DNA sequence: ATTGCCTTTGCGGGAACATGCAAGGGTTTG
DNA sequence: CAAACCCTTGCATGTTCCCGCAAAGGCAAT
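Chains as they are written, first to last, in the numbering used here: chain A, 1 to 222; chain B, 223 to 444.
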């Protein structure tokens with residue numbers, strides 16, 4: 001079993017719950033930190049002393065602390081950690097439910113497991129640790145299904161995403177068209193942007209542009 | 223100290239963290255449930271057997287279970303519980319950060335304490351229990367200030383949230399107005415809805431309705 | 001009752017969005 | 001080469017949104 005585990009979780013009670021749970025699994029050394037930066041520091045230190053952590057269990061969202069912290073999300077922590085210690089196992093433990101977002105964690109950072117914060121997480125965290133230790137991936141059963149169906153999912157190209165992103169930032173259709181023209185994107189006229197929106201609204205079954213962006217955010221595309 | 227405490231919390235690990243914490247305070251009987259309905263049932267039963275709970279510690283948001291549950295939020299649980307056992311002490315333990323919402327819990331249901339899920343919650347839950355036991359109110363220090371200066375705050379009322387929610391679900395302004403009229407909400411004309419949107423766009427510094435909803439989602443209001 | 005203030009509402013005109021239609025240009029196919 | 005096709009674009013029309021203005025109602029102070 002893992003010997004040295006790092007937990008990044010900013011809810012104190014949840015952190016102790018995790019720590020207790022890990023002790024029951026006979027993991028001798030469990031370190032709990034409340035800030036992403038602290039997690040990265042501890043990891044660096046451990047690597048330098050040649051006693052690296054075997055496993056990171058991390059939340060995704062951390063409350064702001066307004067103290068000049070550099071890393072503010074679990075995702076940023078994971079990205080930074082993969083730089084200095086690519087071999088570490090990572091399990092994400094979060095309330096995140098957008099399959100697109102979760103999928104991108106597996107794709108972009110090769111995380112080893114994902115456990116949702118819910119009624120079943122007690123057992124799931126055990127299984128996730130076990131599976132990860134044995135070199136396999138773990139995903140909450142409730143998510144596996146939606147994750148699979150997300151694979152053969154609607155393909156949005158870069159321009160689709162860009163339109164959604166700009167819409168969500170308050171740009172009007174005409175402004176988006178202008179931006180596209182400046183960048184020499186294809187189909188950059190206002191009319192073409194509108195065509196694209198019709199297509200996107202069909203895909204997302206959205207009635208209005210606002211609805212569309214809400215859906216896209218909900219599913220983690222932007 | 224309290225003898226019999228009920229915990230309603232749907233994150234498994236957080237629930238065990240709480241339970242462990244309460245044991246350390248020498249509270250002999252701690253019951254943890256994952257559903258609001260279960261909490262109400264247990265309370266009813268305990269009252270009928272003349273061994274009522276002294277204290278409820280409850281989360282506010284519970285994941286849907288699609289099983290014909292009646293109570294879906296901690297707020298509904300609190301309201302129902304106050305009906306059958308007005309004297310029970312209640313501490314809310316939640317990630318909720320909207321001071322307006324929190325204030326309304328104290329005002330509408332006379333809850334006895336509020337502890338935010340954050341880095342300090344380990345100590346705060348202890349203090350909250352102690353204060354509550356001695357008949358005083360407890361509010362997280364970090365919240366006390368903003369609760370007092372709740373005026374110049376980013377304050378959204380229920381109707382604001384409802385408008386944002388309906389917008390994100392693809393309703394047009396006129397449809398929202400109609401819905402508001404059906405429910406006899408105040409300021410339910412189309413023009414008033416638009417006024418509300420102007421206010422909201424100012425608050426969120428949003429240029430378009432889409433931008434507004436994106437901001438509201440990003441900051442966790444819907 | 002009068003005055004003053006605030007909220008709510010309807011109206012109107014202009015801006016932004018939605019969408020069908022057809023012209024122009026490029027590519028593929030026979 | 002020409003016919004068929006698709007993609008892009010502009011134009012036109014209707015809908016929805018935006019916002020200033022003023023009338024109407026409620027409420028409090030005098």
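Glycine included, C-beta positions come from ideal geometry on N, C-alpha and C. Since this is a predicted model, take the numbers as computed values, not measurements.
{"Asked": "Is there a Cβ from chain A that is less than 9 Å from the Cβ of residue 342/B?", "Found": "yes"}
{"Asked": "Do you know offhand how far residue 324/B's Cα is from residue 33/A's?", "Found": "28 Å"}
{"Asked": "Give the residues from the segment 182-196 of chain A that approach chain B closer than 7 Å (Cβ to any Cβ), ordered along the chain.", "Found": "none"}
{"Asked": "Hey, could you find the ends of the alpha helix (DSSP H) residue 401/B is sitting in?", "Found": "395-404"}
{"Asked": "With a threshold of 9 Å between beta-carbons, can residue 440/B be considered close to chain A, or not?", "Found": "yes"}
{"Asked": "Just to confirm, is the Cβ distance from residue 229/B to residue 279/B under 9 Å?", "Found": "yes"}
{"Asked": "Since residue 213/A meets chain B, which of its residues come closer than 9 Å, beta carbon to beta carbon?", "Found": "390, 432, 433, 435, 436 and 439"}
{"Asked": "Is the CB of residue 242/B under 9 Å away from at least one CB in chain A?", "Found": "yes"}
{"Asked": "If you scan the segment 44-121 of chain A from start to end, which runs of the alpha helix (DSSP H) of 4 or more residues do you find wholly inside it?", "Found": "74-84 and 99-109"}
{"Asked": "Does chain A have any CB closer than 9 Å to the CB of residue 332/B?", "Found": "no"}
{"Asked": "Tell me, please, whether the CB atom of residue 13/A is closer than 9 Å to any CB atom in chain B?", "Found": "yes"}
{"Asked": "Near residue 11/A, what residues of its chain come up, given a Cβ to Cβ distance below 7 Å and the 5 sequence neighbours on each side ignored?", "Found": "none"}
{"Asked": "Can you check whether the C-beta of residue 347/B is within less than 9 Å of a C-beta belonging to chain A?", "Found": "yes"}
{"Asked": "So, is residue 231/B buried or exposed, given that buried needs 16 or more other C-beta atoms within 10 angstroms?", "Found": "buried"}
{"Asked": "CA-CA distance, residue 124/A and residue 131/A?", "Found": "10 Å"}
{"Asked": "Name the chain A residues that come within less than 9 Å of residue 232/B, Cβ to Cβ?", "Found": "117, 118 and 119"}
{"Asked": "Going by DSSP in three states, residue 372/B sits in which element: helix, strand or coil?", "Found": "Low per-residue confidence applies at residue 372/B: pLDDT is 46, beneath 50, and the placement is therefore not dependable, though the value from the model is reported in the following sentence. Correct three-state label for residue 372/B: coil."}
{"Asked": "Under a Cβ-count criterion, where at least 16 other Cβ atoms within 10 Å of its own Cβ denotes burial, should residue 151/A be classed as buried or exposed?", "Found": "For residue 151/A, the pLDDT reaches just 47, beneath the cut-off of 50, and the residue's location in the model is therefore unreliable, although a value from the coordinates is still provided. Exposed."}
{"Asked": "With 16 as the cutoff for other CB atoms within 10 Å, does residue 338/B come out buried or exposed?", "Found": "buried"}
{"Asked": "When you compare the CB of residue 106/A with every CB in chain B, is at least one pair closer than 9 Å?", "Found": "no"}
{"Asked": "Please say whether residue 415/B and residue 378/B have beta carbons closer to each other than 9 Å?", "Found": "no"}
{"Asked": "Under 8 Å between beta-carbons, which chain A residues line up against residue 399/B? List them in chain order, please.", "Found": "Those do not exist, as residue 399/B stays about 15 Å from chain A at its closest Cβ, beyond 8 Å."}
{"Asked": "Assuming contact is defined by CB atoms lying nearer than 9 Å, are residue 432/B and residue 168/A in contact in what I supplied?", "Found": "yes"}
{"Asked": "Using the Cα positions of residue 335/B and residue 18/A, report the straight-line distance between them to the nearest angstrom.", "Found": "25 Å"}
{"Asked": "Return the bridge partner residues of residue 440/B from the DSSP annotation.", "Found": "Residue 440/B is not bridged to any residue."}
{"Asked": "Between residue 100/A and chain B, is the shortest Cβ-Cβ distance under 9 Å, so that the two count as touching?", "Found": "no"}
{"Asked": "I need the straight-line Cα distance from residue 92/A to residue 75/A, nearest angstrom please.", "Found": "9 Å"}
{"Asked": "From residue 188/A to residue 407/B, what distance separates their C-alpha atoms?", "Found": "43 Å"}
{"Asked": "How would you call residue 217/A, buried or exposed, if buried means at least 16 neighbouring beta carbons within 10 angstroms?", "Found": "buried"}
{"Asked": "When you compare each of 30/A, 118/A and 166/A to residue 429/B by their alpha carbons, which one comes out closest?", "Found": "166/A"}
{"Asked": "With H, G and I counted as helix, E and B as strand and the rest as coil, what does DSSP make of residue 360/B?", "Found": "strand"}
{"Asked": "Hey, is the segment 61-69 of chain A in contact with the segment 167-182 of chain A, meaning 3+ C-beta pairs nearer than 8 Å?", "Found": "no"}
{"Asked": "Could you compute how far the alpha carbon of residue 170/A sits from the alpha carbon of residue 327/B?", "Found": "34 Å"}
{"Asked": "Measuring only between beta-carbons, confirm whether residue 239/B sits less than 9 Å from chain A.", "Found": "yes"}
{"Asked": "Give a yes or no on whether 9 Å exceeds the smallest Cβ distance from residue 372/B to chain A.", "Found": "Unreliable positioning characterises residue 372/B in this predicted model, as indicated by a pLDDT of 46, which lies under 50. The coordinate reading is nonetheless provided below. Judged by the 9 Å Cβ criterion, residue 372/B is not in contact with chain A."}
{"Asked": "Which residue marks the beginning of the alpha helix (DSSP H) containing residue 421/B, and which one marks its end?", "Found": "412-426"}
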